[in-house]
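Just so we're aligned: the sequence shown equals residues 85 to 481 in my numbering.
Quick reminder that beta carbons are idealized off the backbone N, C-alpha and C, glycines included.
Heads up: the structure comes next, in structure tokens.
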Amino acid sequence: MIAERISRIAPSATMKISARAKELRDSGRKIVSLSQGEPDFKTPQHICDAAIEAIKDGHHGYTVNTGNIELRKAICDKLERENGYHFKPNQVVVSNGAKQSIGFSILATIGPGDEVIIPAPYWVSYPEMVKLAEGEPVVVRTEFENDYKLTAAQLEQAITPKTKMLILCSPSNPTGSCYSKAELKELAEVLQKYPDVLILSDEIYEYIVFDGDHVSIGEVAPELMHRIIVINGFSKGFAMTGWRLGYLAAHESIAGAVAKIQSQETSGACSISQKAGEAAYNSGLEEVEKMREAFKQRRDYLVTALNEVPGVSCFSPGGAFYAFPDISSYLGKKTPDGDTIASSTDLCLFLLEEKGLALVPGDAFGEPNGIRLSYAASLDELKQAMEILKSGLAALV
Ligand SMILES: Cc1ncc(COP(=O)(O)O)c(C=O)c1O
Numbered sequence: 085m086i087a088e089r090i091s092r093i094a095p096s097a098t099m100k101i102s103a104r105a106k107e108l109r110d111s112g113r114k115i116v117s118l119s120q121g122e123p124d125f126k127t128p129q130h131i132c133d134a135a136i137e138a139i140k141d142g143h144h145g146y147t148v149n150t151g152n153i154e155l156r157k158a159i160c161d162k163l164e165r166e167n168g169y170h171f172k173p174n175q176v177v178v179s180n181g182a183k184q185s186i187g188f189s190i191l192a193t194i195g196p197g198d199e200v201i202i203p204a205p206y207w208v209s210y211p212e213m214v215k216l217a218e219g220e221p222v223v224v225r226t227e228f229e230n231d232y233k234l235t236a237a238q239l240e241q242a243i244t245p246k247t248k249m250l251i252l253c254s255p256s257n258p259t260g261s262c263y264s265k266a267e268l269k270e271l272a273e274v275l276q277k278y279p280d281v282l283i284l285s286d287e288i289y290e291y292i293v294f295d296g297d298h299v300s301i302g303e304v305a306p307e308l309m310h311r312i313i314v315i316n317g318f319s320k321g322f323a324m325t326g327w328r329l330g331y332l333a334a335h336e337s338i339a340g341a342v343a344k345i346q347s348q349e350t351s352g353a354c355s356i357s358q359k360a361g362e363a364a365y366n367s368g369l370e371e372v373e374k375m376r377e378a379f380k381q382r383r384d385y386l387v388t389a390l391n392e393v394p395g396v397s398c399f400s401p402g403g404a405f406y407a408f409p410d411i412s413s414y415l416g417k418k419t420p421d422g423d424t425i426a427s428s429t430d431l432c433l434f435l436l437e438e439k440g441l442a443l444v445p446g447d448a449f450g451e452p453n454g455i456r457l458s459y460a461a462s463l464d465e466l467k468q469a470m471e472i473l474k475s476g477l478a479a480l481v
């Protein structure tokens, strides 16, 4: 009854943990959750006001499939002003969240047998989206010692004649790592040798960086621009996850191909959200800055606290709102009930079911030695979570 391609993909592991945490909570258990992938702030008021105005002004109809021209112009201005990218509105496609932009970009460019290099730990959806397009995810494990960033040598080694795309995510979900200018230049030097390889640059967390400025790969390697697909959106930086608004900017041929798919699958993004997005990009970043500052404080607390736990080590992530410590010293230990913790999934299930703490196992992101803690939660919740984590790990023998 169900198409064969569905058997090749897995449901989102992050959503699975959040759903189980909710189930336990609904049954009356107290659950502290650091599994969420969305800011715990409200969308800034001036953005909400723009949406309310849009409703009052009657922006109720379908928009152009690729997004209102005003929004696409605002996006081009933003990309020029902040990222040094030169795009025209016909190179931008606005979608229902960056997730759709990524999925449709992959569907538009990847076909049977095409290889897509995905550095691990990766955002859970990349490999599954590649599989849906009948491509081959080529997962390249990176090193904890290098803050889980892909090196030029690892990239070079992974490229084959079938390689069609490299996916980069900076700042990263799940590690929070950010590529520096020098690191991106080294990757770009390798990519210059392979003119058929596209680069999908997921910059959805660009406003949440703590140690210096966000760097876009196209900024350091303008000669690659014609094959870079820039992905961005409003969910994370503006706390707008539920508005479902994201976009891609790319060569006209790629934008045109994505537009074709979108015109048949969903049509344009929500008209009210588009007006909100326009306001977000045309009215300064003060509110974004406040949220960034709060995330930075939490990062500093959490990373220090994690490194104080015996057998846990965590580098300080440069961005996003995730910490991804190495917990491998606990793998192979036993729970008080005598069950073996064979994997990061076992560890997270033990912490959730027995201790009421929801975290996401590194297994979900292709890195068995880690766990992801989201600090899109109050300092108070983070402190409670750390107490539970400490006592949970101490219970393992
Ligand atoms: C790395 C990464 N890319 C893209 C997305 C999708 O964002 P959106 O809410 O705009 O669909 C997410 C959301 O979790 C993400 O973590």
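DSSP on residue i, reduced to helix/strand/coil?
i: residue 85; result: coil
i: residue 320; result: coil
i: residue 423; result: coil
i: residue 172; result: coil
i: residue 306; result: helix
i: residue 253; result: strand
i: residue 301; result: helix
i: residue 146; result: coil
i: residue 113; result: coil
i: residue 126; result: coil
i: residue 342; result: helix
i: residue 182; result: helix
i: residue 274; result: helix
i: residue 387; result: helix
i: residue 403; result: strand
i: residue 442; result: strand
i: residue 295; result: coil
i: residue 447; result: helix
i: residue 133; result: helix
Short of 8 Å in beta carbon distance, which residues of its chain neighbour residue i, apart from the five on each side in sequence? Order them along the chain.
i: residue 187; result: 209, 213, 216
i: residue 350; result: 179, 180, 184
i: residue 416; result: 424, 425, 426
i: residue 278; result: 243, 247
i: residue 310; result: 335
Ends of the alpha helix (DSSP H) at residue i?
i: residue 211; result: 209 to 216
i: residue 456; result: No alpha helix (DSSP H) holds residue 456; the beta strand (DSSP E) holding it covers 455 to 458.
i: residue 235; result: Residue 235 -> no alpha helix (DSSP H), and no H or E assigned at all.
i: residue 368; result: Residue 368 -> no alpha helix (DSSP H), and no H or E assigned at all.
i: residue 167; result: 153 to 167
i: residue 141; result: First-last for residue 141: undefined, no H or E at that position.
i: residue 435; result: 428 to 439
i: residue 467; result: 463 to 478
Which residues mark the beginning and the end of the beta strand (DSSP E) in which residue i is found?
i: residue 331; result: 330 to 333
i: residue 204; result: 199 to 204
i: residue 283; result: 282 to 286
i: residue 223; result: 220 to 225
Considering only their Cβ atoms, is the gap separating residue j from residue i smaller than 8 Å?
i: residue 127; j: residue 352; result: no
i: residue 413; j: residue 395; result: yes
i: residue 301; j: residue 285; result: yes
i: residue 368; j: residue 205; result: no
i: residue 158; j: residue 365; result: yes
i: residue 149; j: residue 347; result: yes
i: residue 477; j: residue 342; result: no
Nearest by alpha-carbon distance to residue i: which of the options is it?
i: residue 119; options: 458, 436, 246, 125; result: 458
i: residue 328; options: 281, 182, 144; result: 182
i: residue 465; options: 306, 114, 354; result: 114
i: residue 406; options: 104, 254, 201, 94; result: 254
i: residue 324; options: 380, 375, 439; result: 375
i: residue 340; options: 193, 170, 295, 385; result: 193
i: residue 93; options: 280, 472, 448, 452; result: 448
i: residue 439; options: 287, 480, 191; result: 480
i: residue 264; options: 251, 151, 304; result: 304
i: residue 231; options: 222, 344, 267; result: 267
i: residue 155; options: 357, 362, 110, 386; result: 362
i: residue 472; options: 96, 451, 431, 452; result: 431
Using 7 Å as the cut-off, classify the Cβ of residue i as near or not near the heavy atoms of ligand 3, replying yes or no.
i: residue 286; result: The model depicted lacks ligand 3 and carries ligand 1 instead.
Ignore the nearest five residues each way along the sequence and tell me which others in residue i's own chain have a CB closer than 6 Å to its CB.
i: residue 102; result: 119
i: residue 270; result: 236
i: residue 332; result: 177, 185, 189, 313, 315
i: residue 252; result: 285
Please return the same chain residues whose Cβ sits closer than 7 Å to the Cβ of residue i, not counting the five positions on each side in sequence.
i: residue 196; result: 218
i: residue 372; result: 291, 321, 322
i: residue 294; result: 380, 383, 402, 403
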